[in-house]
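Undergrad: This structure is in structure tokens; I'll ask about it shortly.
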DNA sequence: CGCCGTCTTGAAGACTTTCAAACGAAGTGG
DNA sequence: CCACTTCGTTTGAAAGTCTTCAAGACGGCG
């Protein structure tokens, strides 16, 4: 049984890797106070966050972390499908994903959505707005999620904590650039099956990096969203997954995915076509 | 007659836009001192650079610009085909392109090149190395070029000039993220003709932003490099260009390109296929 | 002038999209 | 509780697009 409910567990704890999406009862926490706008007003903050070593306060002592916490403008809970920011929203905050996952989409003038990225807990989104002074894409929650708004104004004020945050933001932007470069390489693969295989491996790596199983997880996005991201129709996504399943490389049940043969999946990423 | 020689002119001066690649005699300058390794030892520096309003010293007074100049580790001249940095080179410098253009390529384990970006004067490259502590791609000059090495160590030292540089680098990274997001959108277009049209328009915008003609320019990269970048074979690149020329939208003569109908070229970017 | 690398063009085959139909899960209303 | 709708997904067949293989054209250079 796989729950679709997001949870703020501590997956990095030793032993076998937790399966993403599976919620054990003892990990449930009391809900934070939630006013109607989704703002979280009572919260353990950065010192109590399980993403603290991955986020803007990385590398600071517990005391410093309390200072880093002041850079956070507010924390917010998002329901599945809720929009965090939209194109042309002014650039005030970056958002650290604490729980859950989001997608970035660009809307073309004729109203079609194009997914340009999927983001998981521990990632920071909104960097595109720094230079443009406004967001250039929409961010939408793929599941119930929690985000921390990093105030760009406070991050630029020059305190020791702000400087630490700036260094971490710089590192995060560099990571984002590297991630997008990998995406550009992926999209240049000519064969649909290669792109789907690469996508699954990247998901697998993302889950593994967060302490979840790398071989079994729940895809939080629809086939249509995968297709939009990978530049193919949902039929081709479906056929590619079916083909991988037919060859015994993966097993799918709805959005639940199990990788049976990691090495053969990797081989599939090497496009056969093109020189 | 179009020269292929790079030149450090002042294209932003008023009147008609200069044609990129065309060199008028009076714009030629005395060559800088060039030791065998391509290092430039005598140079007007940031205050005399025509990219100063676009680069890391943007927004500073002429006096401050002399301080910014200290962040520069060295300046270097590259010949066409010369490699600026390679994958796994340690991360010491970012590079500001002063004259010319470069490509970023990733080399797959089987030795094939994949172009992941083209970069022009005024851009800064190497951001991928900040988080990874080493470069994750190779940078190769597409034409004779000049670059300024920005010392990451000196940029982090905390002086007023260094802080200005850091803000500008942050902006440049955000721009780079936005650029790559646009590339991801481009690559998701299913039709080859749409991708080629988008590529030409992006080139056109790049030249226009630098004061050159937006409708007539010299492509510094081969069809093979375009194909690698756009994820298609060189035959498909060639056929797409021929098709656009047949329709009277562009005119090509080798790498020299003239856009005859910007609006119809824009229409071609809207992919017909897919929902 | 002839060689070489780059580019263009043609034809056949491979792959993807499109259109259409069917399936299963989830939710609604009788 | 079951029919019924809806949505997301899967599968099939035909049409369209791209790649592959092959050959020819073009320009630069010795």
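Chains as they are written, first to last, in this note's numbering: chain A, 1425 to 1699; chain B, 1425 to 1699.
Heads up, the beta-carbon is just placed ideally off N, CA and C, and yes, glycines get one too.
Fair warning: this is a prediction, and the values are worked out from it, not measured in the lab.
1. So, do the segment 1608 to 1618 of chain B and the segment 1610 to 1619 of chain A have three or more beta carbon pairs nearer to each other than 8 Å?
2. Considering only the alpha carbon of each residue, which of B/1650, B/1621, B/1646 and B/1657 lies closest to residue 1671 of chain B?
3. Strictly below 8 Å CB to CB, what residues from chain B border residue 1595 of chain A?
4. Could you spell out where the beta strand (DSSP E) holding residue 1682 of chain A opens and where it closes?
5. For residue 1599 of chain A and chain B, any beta-carbon pair shorter than 8 Å?
6. Could you pull out every residue in the same chain whose Cβ sits closer than 6 Å to the Cβ of residue 1528 of chain B, ignoring the five residues on either side in sequence?
7. Quick one: grab the DSSP three-state call for residue 1486 of chain B.
8. Between the C-alpha atoms of residue 1514 of chain A and residue 1552 of chain A, what's the straight-line distance to the nearest angstrom?
9. Does the Cβ of residue 1601 of chain B have 16 or more other Cβ atoms within 10 Å, making it buried, or fewer, making it exposed?
10. Measuring CA to CA, which of A/1676, A/1579, A/1667 and A/1502 is closest to residue 1523 of chain A?
11. Which residue's Cα is closest to the Cα of residue 1617 of chain B: B/1651, B/1597 and B/1534?
12. Under a CB-based cut-off of 8 Å, is residue 1561 of chain A close to chain B?
13. Express the C-alpha separation of residue 1594 of chain B and residue 1659 of chain A in angstroms, rounding to a whole number.
14. Say the cut is 7 Å; is the CB of residue 1659 of chain B nearer than that to a heavy atom of the ligand MN?
15. List, in chain order, every chain B residue whose beta-carbon is nearer than 8 Å to that of residue 1655 of chain A.
16. Hey, is residue 1551 of chain B's beta-carbon within less than 8 Å of any beta-carbon in chain A?
17. From what residue to what residue does the alpha helix (DSSP H) around residue 1658 of chain A run?
18. Check this for me: beta carbons of residue 1589 of chain B and residue 1579 of chain B, under 8 Å apart or not?
19. Looking at residue 1568 of chain A: is its Cβ nearer than 8 Å to the Cβ of residue 1504 of chain A?
20. Starting from the beta carbon of residue 1607 of chain A, find every residue of chain B whose beta carbon is closer than 7 Å, and list them in chain order.
21. Please classify residue 1678 of chain B as buried or exposed, where buried requires at least 16 neighbouring CB atoms within 10 angstroms.
22. Return the residue from the list B/1585, B/1587 and B/1654 that minimises the CA-CA distance to residue 1604 of chain B.
23. Closest to residue 1619 of chain A by CA distance: which of A/1477, A/1490 and A/1694 is it?
24. In the structure shown, what three-state DSSP assignment does residue 1687 of chain A receive?
25. Taking C-alpha atoms, which residue in A/1531, A/1640 and A/1496 lies nearest to residue 1467 of chain A?
26. In chain order, what residues of the same chain lie with their CB nearer than 8 Å to the CB of residue 1687 of chain A, ignoring the 5 residues before and after it?
27. Is residue 1627 of chain B near residue 1641 of chain B, with beta carbons less than 8 Å apart?
28. Does residue 1465 of chain B come out as helix, strand or coil in the three-state DSSP assignment?
29. What is the residue span of the beta strand (DSSP E) that residue 1544 of chain B lies within?
30. Give me whichever residues DSSP pairs with residue 1640 of chain A in a beta bridge.
31. Starting from the beta carbon of residue 1540 of chain B, find every residue of chain A whose beta carbon is closer than 7 Å, and list them in chain order.
TA: Well, looking at it:
1. yes
2. As a working mapping, residue 1671 of chain B is identified with position 247 in the second chain. Here the closest residue by C-alpha is B/1621.
3. The residue labelled residue 1595 of chain A in the question sits at position 171 within the first chain. Residues of chain B passing the Cβ test: 1554 and 1555.
4. If you number the first chain from 1, residue 1682 of chain A lands on position 258. Counting along the chain, the beta strand (DSSP E) containing residue 1682 of chain A begins and ends at 1680 to 1683.
5. Here residue 1599 of chain A is taken as the residue at index 175 of the first chain, counted from 1. It does; some Cβ of chain B falls within 8 Å.
6. Sequence index remark: in the second chain, residue 1528 of chain B carries index 104 (1-based). Here the set comprises 1540, 1541, 1561 and 1563.
7. What you label residue 1486 of chain B is simply residue 62 of the second chain in a count that begins at 1. Residue 1486 of chain B falls in the helix class under three-state DSSP.
8. Within the first chain, residue 1514 of chain A is the residue found at index 90, counting from 1. Within the first chain, residue 1552 of chain A is the residue found at index 128, counting from 1. Distance between the alpha carbons of residue 1514 of chain A and residue 1552 of chain A is about 11 Å.
9. One-based indexing of the second chain puts residue 1601 of chain B at position 177. With 16 or more other Cβ atoms within 10 Å, it is buried.
10. Within the first chain, residue 1523 of chain A is the residue found at index 99, counting from 1. The candidate whose alpha carbon is nearest that of residue 1523 of chain A is A/1502.
11. Residue 1617 of chain B sits at position 193 when you count from the first residue of the second chain. Nearest option by C-alpha distance: B/1651.
12. The residue you call residue 1561 of chain A lines up with position 137 of the first chain. At least one chain B Cβ lies under 8 Å of residue 1561 of chain A.
13. Working through the first chain from its first residue, we reach residue 1659 of chain A at position 235. Working through the second chain from its first residue, we reach residue 1594 of chain B at position 170. Near 40 Å, if we compare the C-alpha coordinates of residue 1594 of chain B and residue 1659 of chain A.
14. For the structure depicted, the ligand MN is absent and the ligand set is empty, with no information on it obtainable.
15. Along the first chain, read from residue 1 onward, the residue named residue 1655 of chain A stands at position 231. 1611, 1612, 1613 and 1614, listed in chain order.
16. Taking the second chain and counting its residues from 1, one reaches residue 1551 of chain B at position 127. Closer than 8 Å: yes.
17. The residue labelled residue 1658 of chain A in the question sits at position 234 within the first chain. From DSSP, the alpha helix (DSSP H) with residue 1658 of chain A extends over 1658 to 1670.
18. Counting from 1 along the second chain, the entry for residue 1589 of chain B is found at position 165. Counting from 1 along the second chain, the entry for residue 1579 of chain B is found at position 155. Against a cut-off of 8 Å, the Cβ pair of residue 1579 of chain B and residue 1589 of chain B comes out as a contact.
19. Counting from 1 along the first chain, the entry for residue 1568 of chain A is found at position 144. Counting from 1 along the first chain, the entry for residue 1504 of chain A is found at position 80. Result yes, Cβ atoms of residue 1568 of chain A and residue 1504 of chain A sit closer than 8 Å.
20. Numbered from its first residue, the first chain carries residue 1607 of chain A at position 183. Simply 1608.
21. Numbered from its first residue, the second chain carries residue 1678 of chain B at position 254. Looking at its Cβ environment, which holds fewer than 16 other Cβ atoms inside 10 Å, residue 1678 of chain B is exposed.
22. Locating residue 1604 of chain B in the second chain gives position 180, where the first residue counts as 1. When each option's Cα is compared against that of residue 1604 of chain B, the closest is B/1654.
23. Translated into positions along the first chain, residue 1619 of chain A becomes position 195. When only C-alpha atoms are compared, the closest one is A/1694.
24. Taking the first residue of the first chain as 1, we reach residue 1687 of chain A at position 263. Three-state DSSP puts residue 1687 of chain A in a helix.
25. Residue 1467 of chain A sits at position 43 when you count from the first residue of the first chain. Nearest of A/1531, A/1640 and A/1496 to residue 1467 of chain A, Cα basis: A/1496.
26. Counting from 1 along the first chain, the entry for residue 1687 of chain A is found at position 263. In its chain, beyond the 5 residues on either side, no residue has a beta carbon closer than 8 Å to the beta carbon of residue 1687 of chain A.
27. If you number the second chain from 1, residue 1627 of chain B lands on position 203. If you number the second chain from 1, residue 1641 of chain B lands on position 217. Yes. Within cutoff.
28. Taking the second chain and counting its residues from 1, the one referred to as residue 1465 of chain B is at position 41. In the structure shown, residue 1465 of chain B sits in coil (DSSP, three-state: anything other than H, G, I, E or B).
29. Indexing the second chain from 1 puts residue 1544 of chain B at position 120. Residues 1537 to 1544.
30. On the first chain, position 216 is the one that residue 1640 of chain A refers to. According to DSSP, residue 1640 of chain A bridges with A/1682.
31. To locate residue 1540 of chain B, count along the second chain from 1; it is residue 116. Those within 7 Å of residue 1540 of chain B in chain A are 1605, 1608 and 1609.
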